[in-house]
Structures are given as C-alpha cells and as structure tokens.
Amino acid sequence: MYFEKMTVLSPIPTSDKRMLGNIKKFEPVIITMDQAMDSIHNASSVAIGERVCRTLHPDSVFTESVFLDELAEEMIQKGVATPCTADEAKQTLNKYSKHPLIISKVSGKHQEICRTHPPECVYWIAEKKGLTCLARIKAENQSLPAGTQ
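Using the numbering used here, read the sequence shown as starting at 2 and increasing by one per residue.
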C-alpha cells in the first residue's frame, strides 16, 4: 500500500547528464557582492567585458562580466575586455544589480564574475530543469570553497 503511492522519479536523459557534466566543470557559485569584491581585491589583474555566453544569445539583455587574473589578461590581449580598478569593477556589477551574481571557474580557477541573465543563462536553465549545478553559499560571511580563489 505504501509503495503504491510512491512517485518514481524518471531517469535524467543522457543529453541532460552530458550538459550537467559540462556545466559542473565550471563549478559555478552564486555569490554576494561582498564575496565578488573579495575576489576582485585578491586578483592580480581585473578587466571588464561582455559576458562570454552572450555570443550564444546575441539578442539577450546586455550585461558585463568581471574577469580576474590570467583570464583578465587574456581577454585584454584579445581586445574583448578593458582593464579596470576594483572600484570600476564594482560600479559595473552594480549597474546590473537585478541580475544574480555567479563566479565560474575558467582554466581551473574562479576567474569570471557574471551578472547572469537567468532566462538565457545555461546554469539557470539547468537549474530550472531540476539539474542542480549552482553551489550556494549559505552564510553571508562564508567565503568561496577552498582552493577557488
């Protein structure tokens, strides 16, 4: 009787498993503005540029990302980002304050801070499908997971 009322969860389709596997490599974390600023202040180089994923959705809402360290240097060299100060990075992130902040790994290190646009963000789309991929930091004073800065 009890087992008759249990809901059997359908298996995750293979294509979704692949997508989730690819997303998890970036280890995206939802962060606060204070956490973003900590990462910016700890970076050796900081730059501002268009969200990398916007090339997939050219008609999407324009927001800019903040790139850190080696990624910032590479984006500057390619001419797709502009070097900036910590204050300029903060002003940029504040321009889009209605959009959630996420930091993602690039080349094994959290180096991209993005004001995501949930309707077109691969992370938020995966979450909406029930594929948990965004780490959430519960405490306001809790820092990023070890080894991510």
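Glycine is no exception: its CB is placed at the ideal position from the N, C-alpha and C atoms.
Check                                                                                                                                                                               : Outcome
For Arg55, which residues does DSSP report across the bridge?                                                                                                                       : In the DSSP output, where bridge partners are listed per residue, Arg55 has none listed.
What's the call for Gln36, buried or exposed, on a 16-neighbour Cβ count within 10 Å?                                                                                               : buried
When the Cβ atoms of the stretch 69 to 76 are set against those of the stretch 122 to 141, are three or more pairs found closer than 8 Å?                                           : no
Would you say the beta carbon of Ala37 comes nearer than 8 Å to a heavy atom of the ligand FAD?                                                                                     : Questions concerning the ligand FAD fall outside what the structure shown contains, since it holds no ligand whatsoever.
Identify every run of the alpha helix (DSSP H) within the stretch 23 to 47, keeping only runs that are complete inside it and at least 4 residues long; order them along the chain. : 34 to 43
Is DSSP giving Val67 helix, strand or coil here?                                                                                                                                    : strand
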